[in-house]
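K.L.:
First, the structure itself, so that you have it in front of you.
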Amino acid sequence: MNFRHLLLIFFITIISSVNLLFAQEDEEQVNYFQLEPLDDSLFIHIQQALFIDPPDPKAEIIADLRDPNNQTISIKGSLYPFLALPPDTRARVITYPFKINLEEDIHYGSVFSRVVEKIKINKVLDPPTKQQISSTMGYINPFLQLFGGERLGVPIKKDIGLSFGVLTKYEGPLNTNFLEANFHMLGVYGGGFTNIDAFVTSIKDNNHNSLIFSNGYQIGYVFPFGNFFEINYLTTIDDFSQGQRDEYLSPEDGTVVLNTDSTVKYQAWLVEGSFLNWEFRYPMKLLGSTKGRVYAAQYLDEWHFGFDFREMSVAGSTFDLLFDAMTSSKHREPQYVMTLTIQKIAESWAFSAFSIGPSLIMSKLDDGSFGVYKIFVNMRFKMGSSL
3 MNFRHLLLIF FITIISSVNL LFAQEDEEQV NYFQLEPLDD SLFIHIQQAL
53 FIDPPDPKAE IIADLRDPNN QTISIKGSLY PFLALPPDTR ARVITYPFKI
103 NLEEDIHYGS VFSRVVEKIK INKVLDPPTK QQISSTMGYI NPFLQLFGGE
153 RLGVPIKKDI GLSFGVLTKY EGPLNTNFLE ANFHMLGVYG GGFTNIDAFV
203 TSIKDNNHNS LIFSNGYQIG YVFPFGNFFE INYLTTIDDF SQGQRDEYLS
253 PEDGTVVLNT DSTVKYQAWL VEGSFLNWEF RYPMKLLGST KGRVYAAQYL
303 DEWHFGFDFR EMSVAGSTFD LLFDAMTSSK HREPQYVMTL TIQKIAESWA
353 FSAFSIGPSL IMSKLDDGSF GVYKIFVNMR FKMGSSL
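Here my numbering is used: the first residue of the sequence shown is 3, the next is one more, and so on.
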């Protein structure tokens, strides 16, 4: 699969995700609405249930469900009790997808401004929850993201628990083979990491900015004044053997890009040694998100700046948004990671528990130009209740 194919897939995926995002706005409960005459059978069924003869499939039908004790339906200006309709018909009216919201002010500028007008301004920026600012319980997180992002944090007993993560929390899809598990207690955590090589070997093009790990361990501490500063010590157990270097660094696998004179132009980084990492973050709730942070960090001697928000809401749509800018590195080219996943597109229990969308990395390509370096579908699962 060449870069043009990847770019086409990216645009199709991102446009589909944006359509899903804004298509959800009408899922908000509307209690005073006119039914658009797009379902003749429903319009006729409603009128037959109210003994209107002959039924008019294009009649003006308005439902007013604002007062639970006085719900009405109006047919051509004549008012009827909503309870006069059979239960299945009432259900079809309530779930009718083509509604004109009579509580919403529609004007000539609404074609440009409707989504903005539906944003709840008082919910744009809220203070974080008590859980999020706790230095001992801030790790607790009910969300498991398939690639990158914040770790899944499972509490065993308040400030004692476990966390798991796929890729580093600053990386994008298929750009590292990192997998970690940690034990947390009173703000201190420690654990090990290993590798799943399929994450970096499944794509052969533009693979030169990857992080490749072997095995190792890490310990960390969240300072006790609040969940705003974390320090971490990470070390690998063994250096890569020459056989491993030959296996991981290969022009055929895209992890090495050569100049015309056969010298190395770009090369994936085989992570070896020990590193002192830190992250300064500010937990916050943006657009009603259930968990979020903005941060600056130094990880593996690389500088990162970004944000990560879960379950943000705009005009009835719910989505996750992550952005990370790796601006400086001793071993790799700068790169920019973005993930947008959309919730409320599945059925049943997955309606609020599952989120899916595109995740991409932008960096220098094989030819030295800047563009979409990698792109893949990302998913997030909600494993527990919101914080």
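Where is the CB? At the ideal position from N, CA and C, for every residue including glycine. Quantities reported herein were computed from a predicted structural model and do not represent experimental measurements.
Strictly by DSSP, which residues pair up with D326?
P.N.:
Here the question's residue 326 lines up with position 324 in the sequence shown. The partner list for D326 (beta bridge, DSSP) reads G308, V339.
K.L.:
Tell me the DSSP secondary structure of L272 in three-state form.
P.N.:
As a first step, residue 272 is located in the sequence shown; it is residue number 270 there, counting from the start. The answer is strand: DSSP assigns L272 an E or B state.
K.L.:
Can you tell me whether F149 is buried or exposed, with buried defined as 16 or more other CB within 10 angstroms of its CB?
P.N.:
Here residue 149 is taken as the residue at index 147 of the sequence shown, counted from 1. Answer is buried; the Cβ neighbour count reaches 16.
K.L.:
Around the Cβ of M86, are there at least 16 other Cβ atoms within 10 angstroms (buried) or fewer (exposed)?
P.N.:
Reading the sequence shown from its first residue, position 84 is the one you call residue 86. The amino acid at residue 86 is misidentified as Met; the sequence shows Ala. It is exposed - the Cβ of A86 has fewer than 16 other Cβ atoms within 10 Å.
K.L.:
Are the Cβ atoms of M364 and V374 separated by less than 8 Å?
P.N.:
The residue you call residue 364 lines up with position 362 of the sequence shown. The residue you call residue 374 lines up with position 372 of the sequence shown. Yes, the Cβ-Cβ distance between M364 and V374 is below 8 Å.
K.L.:
Comparing C-alpha positions only, which one of Q269, M340, F201 sits nearest to R247?
P.N.:
Numbered from its first residue, the sequence shown carries residue 247 at position 245. Comparing Cα positions, the closest option is Q269.
K.L.:
Across the region 182-195 and the region 152-163, are there enough close Cβ pairs to call them in contact, namely three or more that are closer than 8 Å?
P.N.:
yes
K.L.:
What do you reckon, are the CB atoms on R295 and F309 nearer than 8 Å?
P.N.:
As a first step, residue 295 is located in the sequence shown; it is residue number 293 there, counting from the start. As a first step, residue 309 is located in the sequence shown; it is residue number 307 there, counting from the start. The answer is yes: Cβ separation under 8 Å.
K.L.:
Can you name the start and end residues of the beta strand (DSSP E) that Q246 belongs to?
P.N.:
Taking the first residue of the sequence shown as position 1, residue 246 is located at position 244. First-last for Q246: 244-250, but that is the alpha helix (DSSP H), not the beta strand (DSSP E).
K.L.:
Are at least three pairs of beta-carbons, each pair with one atom in the region 34-46 and one in the region 54-66, less than 8 Å apart?
P.N.:
yes
K.L.:
If you draw a straight line from the C-alpha of F372 to the C-alpha of T320, how long is it?
P.N.:
Residue numbering aside, residue 372 sits at position 370 when the sequence shown is read from its first letter. Residue numbering aside, residue 320 sits at position 318 when the sequence shown is read from its first letter. Computed Cα separation, rounded: 31 Å.
K.L.:
Spatial neighbours of T341 within its chain, please: C-beta separation below 6 Å, excluding the five flanking residues on both sides.
P.N.:
Against the sequence shown, residue 341 aligns to sequence position 339. Around T341, the same chain offers L324, S361, N380 as residues with beta carbons nearer than 6 Å, after the five sequence neighbours per side are excluded.
K.L.:
So, helix, strand or coil for L236, using DSSP?
P.N.:
The residue you call residue 236 lines up with position 234 of the sequence shown. Three-state result, L236: strand.
K.L.:
Assuming A65 and I75 make a contact with CB atoms under 8 Å, what is their CB distance in whole Å?
P.N.:
If you number the sequence shown from 1, residue 65 lands on position 63. If you number the sequence shown from 1, residue 75 lands on position 73. Contact holds; Cβ gap of about 5 Å.
K.L.:
Are the beta-carbon atoms belonging to F180 and L213 less than 8 Å from one another?
P.N.:
Reading the sequence shown from its first residue, position 178 is the one you call residue 180. Reading the sequence shown from its first residue, position 211 is the one you call residue 213. The answer is yes: Cβ separation under 8 Å.
K.L.:
Please name the residue, chosen from N209, R92, K366, that lies closest to P336 on a Cα-to-Cα basis.
P.N.:
Counted from its first residue, the sequence shown places residue 336 at position 334. It is K366 whose Cα lies nearest to the Cα of P336.
K.L.:
Please go through the same chain and pick out, in chain order, the residues whose beta-carbon is closer than 6 Å to the beta-carbon of W271, but skip the five residues on each side of it.
P.N.:
Within the sequence shown, residue 271 is the residue found at index 269, counting from 1. Taken in chain order, the residues that qualify are L213, H333, R334.
K.L.:
Determine the DSSP secondary structure at Q73, reduced to helix, strand or coil.
P.N.:
The count along the sequence shown starts at 1 and reaches residue 73 at position 71. In this structure, Q73 counts as coil in the three-state DSSP scheme.
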